[in-house]
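Asker: Sequences listed follow chains A and B, in order.
For the first sequence, my numbering begins at 1 and goes up steadily by one.
For the second sequence, my numbering begins at 28 and goes up steadily by one.
Beta carbons are placed, not taken as given, at the ideal position from N, Cα and C, and that holds for glycine.
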Amino acid sequence: SYDFTPMDSSAVFTLSTMAKKSKESDS
Amino acid sequence: STPQATQPVEFNHAINYVNKIKNRFQNQPEIYKAFLEILHTYQKEQRNLKEGLCPPGYKPLTEGEVYAQVAKLFQNQEDLLSEFGQFLPDA
């Protein structure tokens, strides 16, 4: 199970935002 | 309110990745913390940029700089670094 702090969640959010950005700039 | 419509697959990947790093650096929490700080700084700057809060000429952290900082942090952890690269736009 995941035991995430707010900082952890913030990192997850940042990473997924980056990934999204990277996908958008792909095509 | 719903968070930004992020692709679930990316979100899950991010969760797994953060969890992996957390586990890997269990005995070196300062490295994990530094990693969180880098991402936090990047996120904060992106938000300021979007909201026009940055002074003219201000250069926020680029993805490439984020990668360089993480690379320094994850020395000898090639797998973590290459996985991190998957989150970034190809420069």
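Can you check whether the C-beta of A118/B is within less than 7 Å of a C-beta belonging to chain A?
Answerer: Because the pLDDT at A118/B is just 49, under 50, the model does not fix this residue reliably, and the point stays unresolved.
Asker: Less than 7 Å between CB atoms is the rule here; does F101/B satisfy it with respect to chain A?
Answerer: No, F101/B lies away from the interface with chain A (no Cβ there is under 7 Å from its Cβ).
Asker: I'd like to check one pair, Y59/B with K49/B: are the Cβ atoms closer than 7 Å?
Answerer: Yes; because the gap between Cβ atoms is below 7 Å, this pair is in contact.
Asker: Taking the C-alpha atoms as reference points, what is the distance between S22/A and P87/B?
Answerer: Roughly 17 Å between the two C-alpha positions.
Asker: Is there a C-beta anywhere in chain A that falls below 7 Å from the one on V45/B?
Answerer: Answer yes: the Cβ-Cβ gap between V45/B and chain A drops below 7 Å somewhere.
Asker: Would you kindly work out how many angstroms separate the C-alpha atoms of F4/A and Q113/B, rounded to a whole number?
Answerer: One C-alpha to the other measures close to 22 Å.
Asker: Using only the alpha-carbon positions, how far apart do K20/A and F38/B sit?
Answerer: Taking the straight line joining both Cα atoms gives about 9 Å.
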